[in-house]
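Number of protein chains: 2
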Amino acid sequence: MGTFPFHRHAAMPRTTPHRATILQVAREAGVSKTSVSRYFSDERARLSRDMQSRIASAARRLSYHPNQMARGLKGGRSQLIGMLVADIRNPFSVAVMHGVEQACRERGFSLLVCNTDNDPAQEREHLALLASYRVEGLVINAAGQPSRELRALAAQGTPLVLLDRMLSDFEADVVGLDNTQTIDMALDHLRQQGYDNVLYLSEPVAQASSRQARLKHFEQRLADDPTLRGEAHSLALAEDNRLQDVIAGFLSQASGSAPAILCGNGNVTLAVAHALQARGARLGEIGLLGIDELEWCNLVGPGITTLAQPTDAIGRAAVHNLLQRLEEPQRQAPPKRTHYQARLILRGSTCRPNTPDQYDSVSQERP
Amino acid sequence: MGTFPFHRHAAMPRTTPHRATILQVAREAGVSKTSVSRYFSDERARLSRDMQSRIASAARRLSYHPNQMARGLKGGRSQLIGMLVADIRNPFSVAVMHGVEQACRERGFSLLVCNTDNDPAQEREHLALLASYRVEGLVINAAGQPSRELRALAAQGTPLVLLDRMLSDFEADVVGLDNTQTIDMALDHLRQQGYDNVLYLSEPVAQASSRQARLKHFEQRLADDPTLRGEAHSLALAEDNRLQDVIAGFLSQASGSAPAILCGNGNVTLAVAHALQARGARLGEIGLLGIDELEWCNLVGPGITTLAQPTDAIGRAAVHNLLQRLEEPQRQAPPKRTHYQARLILRGSTCRPNTPDQYDSVSQERP
DNA sequence: AACTAGGATGGGAACGTTCCCATTTCATCG
DNA sequence: CGATGAAATGGGAACGTTCCCATCCTAGTT
Chain A
444 MGTFPFHRHA AMPRTTPHRA TILQVAREAG VSKTSVSRYF SDERARLSRD MQSRIASAAR
504 RLSYHPNQMA RGLKGGRSQL IGMLVADIRN PFSVAVMHGV EQACRERGFS LLVCNTDNDP
564 AQEREHLALL ASYRVEGLVI NAAGQPSREL RALAAQGTPL VLLDRMLSDF EADVVGLDNT
624 QTIDMALDHL RQQGYDNVLY LSEPVAQASS RQARLKHFEQ RLADDPTLRG EAHSLALAED
684 NRLQDVIAGF LSQASGSAPA ILCGNGNVTL AVAHALQARG ARLGEIGLLG IDELEWCNLV
744 GPGITTLAQP TDAIGRAAVH NLLQRLEEPQ RQAPPKRTHY QARLILRGST CRPNTPDQYD
804 SVSQERP
Chain B
444 MGTFPFHRHA AMPRTTPHRA TILQVAREAG VSKTSVSRYF SDERARLSRD MQSRIASAAR
504 RLSYHPNQMA RGLKGGRSQL IGMLVADIRN PFSVAVMHGV EQACRERGFS LLVCNTDNDP
564 AQEREHLALL ASYRVEGLVI NAAGQPSREL RALAAQGTPL VLLDRMLSDF EADVVGLDNT
624 QTIDMALDHL RQQGYDNVLY LSEPVAQASS RQARLKHFEQ RLADDPTLRG EAHSLALAED
684 NRLQDVIAGF LSQASGSAPA ILCGNGNVTL AVAHALQARG ARLGEIGLLG IDELEWCNLV
744 GPGITTLAQP TDAIGRAAVH NLLQRLEEPQ RQAPPKRTHY QARLILRGST CRPNTPDQYD
804 SVSQERP
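Residue numbers (the working numbering), protein chains in the order written: chain A, 444 to 810; chain B, 444 to 810.
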């Protein structure tokens with residue numbers, strides 16, 4: 444068994460549920476409450492060494508932590524950043540959240556995560572709640588129309604940043620993938636690998652979001668490139684039959700071509716992988732390319748080719764943006780767009796079986 | 444394009460960054476601040492209909508939201524629940540977090556998530572911060588020794604609940620899997636499928652945690668069952684070579700037996716799946732069973748058999764526990780243990796190739 | 001008509017801290 | 001020694017709300 448510096452026996456007695464206040468620390472240290480306040484803020488250097496020592500000692504004895512509620516009240520700062528997430532279980536959201544949370548912590552903020560489960564009523568509720576906590580900034584990773592509550596937050600001066608989402612009549616900073624470059628990279632890669640018939644699948648396209656931008660660019664590429672054909676669909680993934688029908692319909696008219704499926708995000712990749720498996724389809728023979736890297740992609744069949752987003756960097760950039768606006772509240776800079784490039788991770792799902800010289804993935808297990 | 448009830452043009456002017464106070468609403472509605480306060484608390488029914496209507500109208504006009512900081516100060520309630528997570532990207536943590544967040548929201552609390560990245564210094568920092576926000580309860584999903592900060596929180600009366608973790612000298616409520624039943628179920632299943640040599644792999648075992656309980660029971664089963672042999676290892680997954688060496692060593696002495704690998708959690712399952720793939724091993728020939736269900740498990744080879752945890756229910760039970768203690772602060776009930784049963788999801792990875800009558804997974808793609 | 005009880009409404013004090021202005025202390029210089 | 005300026009220290013008011021006690025009004029009962 445390990446040893447602890449503060450070992451106590453199993454029936455550890457509980458002291459009274461009491462939290463020390465600044466007045467108590469002041470009394471214990473024989474100083475004024477103002478000095479204690481100074482010690483715990485950014486004015487510690489203005490105190491003498493002796494006083495610092497006495498305060499530190501008293502605070503430790505009393506297990507004192509400043510009450511952030513009281514600080515927020517008088518000081519006007521909550522030290523909270525809100526993050527609105529459409530689905531907390533979405534790997535992309537989680538990965539970005541990780542970057543957001545780290546960037547917040549490094550700058551002394553706490554992250555208040557609100558999960559909407561793609562429900563507008565929950566979103567409104569959460570926004571009201573974030574407003575009541577006086578969050579100092581808000582990262583939004585949710586689709587859908589901007590609600591009245593969101594507009595009110597913006598109107599009250601709360602800095603906002605949208606992840607992977609742009610709204611035509613709502614000015615806010617945006618951080619995300621370069622959608623044009625992403626679709627270009629995907630289609631260039633598929634074309635290079637010999638695929639000439641592409642099905643693009645995405646989750647429902649909200650108004651003026653990046654999903655729509657991707658879709659639009661995909662369709663433009665189809666129109667511009669006579670060697671490429673295909674189709675695009677957006678669908679709610681809960682409707683299992685719909686996805687199967689769309690894929691079946693696409694493949695039924697794909698004879699004489701080299702078909703591939705381009706998935707708009709990780710959720711779609713997962714669903715399509717399941718659907719193709721159910722059909723007994725061989726990855727590569729039917730190309731599969733997913734936007735977003737997932738930890739299991741190289742375990743499935745010959746490996747699934749992906750376009751990876753730098754999710755940590757995206758999360759950090761979002762916080763950086765918010766804090767910049769916080770630091771310069773009088774400067775109403777125009778909305779800022781920060782776009783990142785996707786990175787291609789080549790695996791067997793975009794290598795056609797009759798072109799083995801293009802196949803360089805690792806060896807695969809054979810069940 | 445959709446239509447909004449509050450459409451504004453793209454250059455929407457920003458009003459001053461001003462938040463309405465209860466005094467302003469009171470003045471606007473021609474009532475006292477006490478009445479406004481009553482309206483936004485649980486005493487709304489004590490107001491006349493006329494007054495309610497006037498207050499509602501004034502609050503809407505001013506976009507008023509109560510200041511939770513001020514409420515927390517006088518009322519003594521933060522309405523916050525903290526959750527300490529060792530790795531926010533761990534699928535188990537995320538899934539449980541979803542249940543926690545939902546249960547909190549349903550009861551009017553907000554969840555403050557703190558990610559420690561398995562770093563004790565970060566944990567201490569987060570705990571201090573949670574203390575400063577006066578969180579009303581804390582869900583802990585992190586391994587490691589209980590720190591002084593954690594003990595101080597408990598001493599101050601903050602209800603705590605541990606997920607999947609028990610500490611011998613620290614009394615707290617615990618919610619998680621029934622570790623004995625889980626190991627029994629796993630070993631019974633493997634034995635039934637014809638495997639007689641089991642390698643149990645887990646992430647590093649903290650003192651008196653459920654990881655240790657599982658390990659202990661695994662070893663006890665080995666000792667009790669003469670038809671079963673095997674070995675157990677705990678290792679940090681960042682050390683890639685170590686895992687490969689352990690698996691190689693296990694398999695090198697497995698001739699004449701039917702070997703299987705039991706993974707202690709989802710992270711281990713993923714790592715082992717990669718390692719087995721790298722070896723060109725066939726799942727089933729070498730059995731693979733993972734504790735925890737992952738969304739991609741049925742995509743890999745013949746499908747990976749798992750023991751699924753009811754993560755949502757675990758998260759909800761944790762919050763239920765905290766709130767019970769909050770509602771009865773004077774009742775120092777003994778620590779409560781809530782244990783759930785795992786559910787076996789049979790797939791091809793625990794079906795030996797020479798026993799095809801036991802193989803009932805769906806057909807597999809062939810690269 | 002007088003009294004009583006309940007419902008509705010309101011004002012002042014307090015919550016724990018920060019901020020602002022005031023005071024005290026100390027060191028240096030003339 | 002006295003004056004000056006800087007550093008160190010401290011007290012009161014304010015932050016936005018809740019809570020507690022007080023007051024007023026109305027309806028019912030005697």
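Just so you know, even glycine gets a beta-carbon here, dropped at the ideal spot from N, CA and C. Everything numeric in this text was worked out from a predicted model, so none of it was measured.
Cβ-Cβ distance between residue i and residue j below 8 angstroms
i, j, result
"Gln511 of chain B", "Ser575 of chain A", "yes"
"Ser521 of chain B", "Ala463 of chain B", "no"
"Glu728 of chain B", "Arg795 of chain B", "yes"
"Ile465 of chain A", "Val762 of chain A", "no"
"Leu630 of chain A", "Arg594 of chain A", "no"
"Ala502 of chain B", "Val468 of chain B", "yes"
"Ile788 of chain A", "Ala751 of chain A", "yes"
"Ala714 of chain B", "Leu765 of chain B", "no"
"Leu769 of chain B", "Gly551 of chain B", "no"
"Thr712 of chain A", "Asp735 of chain A", "yes"
"Val556 of chain A", "Val556 of chain B", "yes"
Sequence-distant residues of its chain with Cβ nearer than 6 angstroms to residue i (five each side left out)
i, result
"Cys740 of chain A", "Ile747, Thr749"
"Leu605 of chain B", "Ile583, Ala615, Val617"
"Gly758 of chain B", "Val539, Gly542, Val543"
"Ser804 of chain B", "Any answer about Ser804 of chain B is weak, because its pLDDT of 43 lies below 50 and its placement is not dependable; what the coordinates show is given next. If we look at Ser804 of chain B and ignore the five residues flanking it on each side, its Cβ neighbours are Pro745, Gly746, Arg790, Gly791."
"Asp560 of chain A", "none"
"Phe535 of chain A", "Gly709, Asp735"
"Asp755 of chain B", "Gly542"
"Ile626 of chain A", "Arg657, His660, Phe661"
"Gln603 of chain B", "Checking the sequence, you will find Leu at residue 603 of chain B rather than Gln. Only Leu581, Ala597, Ala615 meet the Cβ criterion."
"Ile690 of chain A", "Ala718"
"Ser645 of chain A", "Arg654, Ser677, Gly707"
Same chain only: Cβ atoms within 8 angstroms of residue i, ignoring 5 sequence neighbours per side
i, result
"Ser653 of chain A", "Asp607, Arg608, Met609, Gly619, Leu620, Asn622"
"His717 of chain B", "none"
"Thr793 of chain B", "His632, Leu633, Gln636, Tyr638, Ala703, Gly727, Gly730, Leu731, Leu732, Thr748"
"Gly515 of chain A", "Ser521, Gln522, Arg577"
"Ser700 of chain A", "Asp639, Asn640, Arg672"
"Pro778 of chain A", "Glu614, Ala615, Asp616, Val617"
"Ser500 of chain B", "Ala472"
"Leu572 of chain B", "Cys557"
Anticipated Cβ contact below 8 angstroms, residue i with residue j, distance rounded
i, j, result
"Gly709 of chain A", "Gly733 of chain A", "7 angstroms"
"Leu554 of chain A", "Leu570 of chain A", "Not a contact, Cβ separation roughly 16 angstroms."
"Leu686 of chain B", "Leu694 of chain B", "No, Leu686 of chain B and Leu694 of chain B are not in contact; Cβ-Cβ is about 13 angstroms, not under 8 angstroms."
"Asn640 of chain B", "Ala586 of chain B", "Asn640 of chain B to Ala586 of chain B, Cβ: 28 angstroms. No contact."
"Met494 of chain B", "Ser480 of chain B", "No, Met494 of chain B and Ser480 of chain B are not in contact; Cβ-Cβ is about 12 angstroms, not under 8 angstroms."
"Gln720 of chain A", "Leu742 of chain B", "6 angstroms"
"Gln784 of chain A", "Gln624 of chain A", "6 angstroms"
"Gly600 of chain B", "Pro753 of chain B", "Their Cβ separation, rounded to whole angstroms, is 30 angstroms, which puts Gly600 of chain B and Pro753 of chain B out of contact at 8 angstroms."
Close-in-space but distant-in-sequence residues of the same chain around residue i (CB under 7 angstroms, 5 per side omitted)
i, result
"Ala675 of chain B", "Tyr643, Leu658, Phe661, Glu662"
"Arg504 of chain B", "Glu471"
"Gly518 of chain B", "none"
"Gln565 of chain B", "Thr559"
"Gly692 of chain B", "none"
"Pro509 of chain B", "Phe483"
TODO: Examine the Cβ distances between the stretch 685 to 705 of chain B and the stretch 522 to 537 of chain B and report whether three or more of them are shorter than 8 angstroms.
DONE: At 8 angstroms Cβ cutoff, the stretches do not touch.
Open item on the list: Along the stretch 575 to 591 of chain A, where does the CB come closer than 7 angstroms to a CB of chain B? Name the residues.
Closed with: Taking 7 angstroms as the Cβ-Cβ cut-off against chain B, the residues of the stretch 575 to 591 of chain A that qualify are Ser575, Tyr576, Arg577, Gln588, Arg591.
Task: Where the stretch 492 to 509 of chain A meets chain B: residues whose CB sits under 7 angstroms from a CB there - done: Contact residues of the stretch 492 to 509 of chain A toward chain B are Ser506, His508, Pro509 (C-beta to C-beta distance below 7 angstroms).
Task: Interface residues of the stretch 526 to 541 of chain B facing chain A [CB-CB below 7 angstroms] - done: Of all residues in the stretch 526 to 541 of chain B, Ile531, Arg532, Val537, Ala538, Met540, His541 have a Cβ within less than 7 angstroms of some Cβ in chain A.
- [ ] Check each residue of the stretch 655 to 675 of chain A: if its Cβ is closer than 7 angstroms to any Cβ of chain B, include it; give the result in chain order.
- [x] Near chain B, meaning a CB-to-CB distance below 7 angstroms, no residue of the stretch 655 to 675 of chain A qualifies.
- [ ] Pull out every residue of the stretch 734 to 748 of chain B whose Cβ sits closer than 8 angstroms to any Cβ of chain A, in chain order.
- [x] Per Cβ criterion, the list reads Leu737, Glu738, Trp739, Asn741, Leu742, Val743, Gly744, Pro745.
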